[in-house]
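Asks: For reference, the structure I am asking about is given below.
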Ligand code: HEM
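Residue numbers (our numbering): 937 to 1343.
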């Protein structure tokens, strides 16, 4: 028979109260460099309560992994931002893939899984490779350029909208929309407010591009609409899924490419190693995603009171998922703060985990692989030609400028 009194039993089941901390993951300083803060607060507990936002944050790899794979307790349906759809209205009609749980999620996911399948990638490879070759040849001739404005923004903004089947005109709206969509997942701070400026016309342009008649007949967008003909989704839902591609498929890869260039410019011995062993390019991409992942912060909402890592989180509470904290947790990764393209990266959280794990990851991998492969063929060295400038975003980790020299 148990000797614990009822209060102790409840504590055992529901866990200890989370320590309250004044950590602000959305301050400019933390968005710039959160890693020392992750270490500091992780010493206190794997799950903490952020007093400033009245929400919880999970800092350890182990607990983050549990959360991402347990959609029943850690739901996406109340939004993957700080806004809690149980109490507040979403800033836009909510995503029918990112912000829903199974079984609704399964329907949308099946459609996008098919459109973004391996055979689909093989079809895209040729045109993506040709664009990568042309771009890198031109940059090698210039020798000095901005790794963000001249490369990381140019390439995805050409190949991805082409693949989706968008018009040439107005594609700059994709950047403004991505910035807004990712800033909007977090508090209404100065970054969110700034990206709302002039956003009405941007949102209107995006929505107009998601209609079936606006899309070329051979692109990924048109393929999403074939699910309407099959009776899997409605035309309105298909347009929402095109919107998901446009929200999630551009800024993420721009930052992913920029972060890849930054890693090799900062760690030239790793570039030399990749030159010697180009077959490591795919594992290098995973290490870039672990070390400098482009998606830093999202949220989940508890469906009921839970015990996570021995700590209690009440029902319908927002919980921060800092993917980057899990990816640098020294309890999980030996030499966590070392960029090493030969390391075992299995299980990194750069593309998330569980049912919502990035559905577009093969597109992102293809883009980064083709650019790195061209650089491997055409450049011996990549070095910094100036100081990188960070682009602050509530959810994304990347740069606005990266002066580079290649020889
Ligand atoms: C380096 C580039 C990329 C990174 C780092 C990235 C990261 C992620 C992460 C971490 C998630 C999980 C979100 C969650 O658990 O709530 C996710 C989901 C998603 N990503 Fe990506 N992504 C990238 C590129 C792309 C691309 C190119 C596309 C489109 C072709 C895309 C479309 C999506 C969609 C639609 C989801 C929602 C999936 C679902 O809820 O089932 N992503 N991404």
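Where a beta carbon is used, it is the ideal one built from N, C-alpha and C, also for glycine.
Since the model is a prediction, treat every value here as computed from it, not as a measurement.
Taking the C-alpha atoms as reference points, what is the distance between residue 1038 and residue 1291?
Replies: Computed Cα separation, rounded: 8 Å.
Asks: Leaving out five residues before and five after residue 1317 in sequence, what residues of the same chain have Cβ atoms less than 6 Å from its Cβ?
Replies: Result list for residue 1317: 1343, in chain order.
Asks: So, is residue 976 buried or exposed, given that buried needs 16 or more other C-beta atoms within 10 angstroms?
Replies: Residue 976 comes out exposed.
Asks: Nearest-angstrom Cα distance between residue 1216 and residue 1312?
Replies: Using only the alpha carbons, I get a separation of about 11 Å.
Asks: Measure the CB-CB distance between residue 1229 and residue 1333 and report whether it falls below 8 Å.
Replies: Yes, the pair counts as a contact, with Cβ atoms nearer than the cut-off.
Asks: Taking C-beta to C-beta, are residue 1250 and residue 1238 nearer than 8 Å?
Replies: Yes, Cβ-Cβ distance for residue 1250 and residue 1238 is below 8 Å.
Asks: Assign residue 1071 to one of three DSSP states: helix, strand, or coil.
Replies: Helix.
Asks: Which residues does DSSP pair with residue 1215 in a beta bridge?
Replies: Note: residue 1215 sits in no beta bridge, so no partner.
Asks: Answer with buried or exposed for residue 993, where buried requires no fewer than 16 other C-beta atoms within 10 angstroms of its C-beta.
Replies: With 16 or more other Cβ atoms within 10 Å, it is buried.
Asks: Would you call residue 1348 buried or exposed, if buried means 16 or more other Cβ atoms sit within 10 Å of its Cβ?
Replies: Since the first and last residues shown for the chain are 937 and 1343, residue 1348 lies out of range.
Asks: Taking the straight line between their C-alpha atoms, what separation do you get for residue 1105 and residue 1221?
Replies: Their Cα atoms are separated by approximately 32 Å.
Asks: Residues in the same chain with beta-carbon distance under 7 Å from residue 1224, minus the five sequence neighbours each way, listed in chain order, please.
Replies: Answer for residue 1224: 1195, 1196 and 1199, listed in chain order.
Asks: If contacts are defined as beta-carbon pairs under 8 Å, then residue 984 and residue 995 qualify, I think. What distance do you get, rounded to the angstrom?
Replies: Rounded, the Cβ-Cβ distance is 7 Å, consistent with contact.
Asks: Could you tell me which of 958, 1187, 1267 and 1017 sits nearest to residue 1108, measuring between CA atoms?
Replies: Per the Cα distances, 1187.
Asks: Go through its chain and collect everything with a Cβ distance to residue 900's Cβ below 6 Å, but skip five positions before and after it.
Replies: The requested residue 900 is not part of the displayed model; the chain covers only 937 to 1343.
Asks: Out of 1175, 1212, 999 and 1018, state which residue places its alpha-carbon closest to the alpha-carbon of residue 1033.
Replies: When each option's Cα is compared against that of residue 1033, the closest is 1175.
Asks: Comparing alpha-carbon positions, which option in 950, 1031 and 1001 lies nearest residue 1015?
Replies: For residue 1015, the nearest C-alpha among the options comes from 1031.
Asks: Which residues bound the beta strand (DSSP E) around residue 989?
Replies: Premise fails: residue 989 is in no beta strand (DSSP E) and is neither H nor E.
Asks: Tell me the DSSP secondary structure of residue 1021 in three-state form.
Replies: Residue state, collapsed to three classes: coil.
Asks: Going by DSSP, what residue range makes up the alpha helix (DSSP H) through residue 998?
Replies: Looking at the DSSP string, the run of the alpha helix (DSSP H) that includes residue 998 is 997-1005.
Asks: Quick check on the burial criterion: 16 or more other C-beta atoms within 10 angstroms. Buried or exposed for residue 1232?
Replies: By the 10 Å Cβ count, residue 1232 comes out buried.
Asks: With distance defined between alpha-carbon atoms, name the residue in 1131, 1123 and 1096 nearest to residue 1155.
Replies: Residue 1155 has its Cα closest to that of 1096, out of 1131, 1123 and 1096.
Asks: Is residue 1299 near the ligand HEM, judged by its Cβ being under 7 Å from some heavy atom?
Replies: Flag set: Cβ of residue 1299 near the ligand HEM.
Asks: Does the region 1116-1123 touch the region 1059-1074, meaning 3 or more C-beta pairs lie closer than 8 Å?
Replies: Touching, no, given that fewer than three Cβ pairs across the two stretches are closer than 8 Å.
Asks: Return helix, strand or coil for residue 951, following the three-state DSSP convention.
Replies: Coil.
Asks: Identify the continuous alpha helix (DSSP H) that holds residue 1125 and give its terminal residues.
Replies: Unbroken run through residue 1125: none, as it is neither H nor E.
Asks: Given this structure, state the Cα-to-Cα distance separating residue 1325 from residue 1051, to the nearest angstrom.
Replies: So the two alpha carbons sit approximately 36 Å from each other.
Asks: Could you work out which residue in 1125, 978 and 1164 is closest to residue 1047 when comparing CA atoms only?
Replies: Ranking the options by Cα distance to residue 1047, first place goes to 1164.
Asks: If you scan the region 1255-1323 from start to end, which runs of the beta strand (DSSP E) of 3 or more residues do you find wholly inside it?
Replies: Taking only runs of at least 3 residues, the beta strand (DSSP E) segments lying wholly in the region 1255-1323 are 1318-1320.
Asks: In the structure shown, what three-state DSSP assignment does residue 1230 receive?
Replies: In this structure, residue 1230 counts as coil in the three-state DSSP scheme.
Asks: Classify residue 1029 as buried or exposed, calling it buried when 16 or more other Cβ atoms lie within 10 Å of its own Cβ.
Replies: That one is exposed.
Asks: Any heavy atom of the ligand HEM closer than 7 Å to the Cβ of residue 1155?
Replies: No; taking the cut-off as 7 Å, the Cβ of residue 1155 has no heavy atom of the ligand HEM nearer than that.
Asks: Output needed for residue 1310: all residues of its chain with C-beta closer than 7 Å, excluding positions within five of it in sequence on either side, in chain order.
Replies: Within the same chain, residue 1310 has close Cβ partners 1068, 1069 and 1072.
Asks: Is residue 1292 near the ligand HEM, with its Cβ less than 7 Å from a heavy atom?
Replies: Yes, Cβ of residue 1292 sits closer than 7 Å to a heavy atom of the ligand HEM.
Asks: Label residue 1060 either buried or exposed according to how many other C-beta atoms from any shown protein chain fall within 10 Å of its C-beta, with 16 as the threshold for buried.
Replies: Flag for residue 1060 reads buried.
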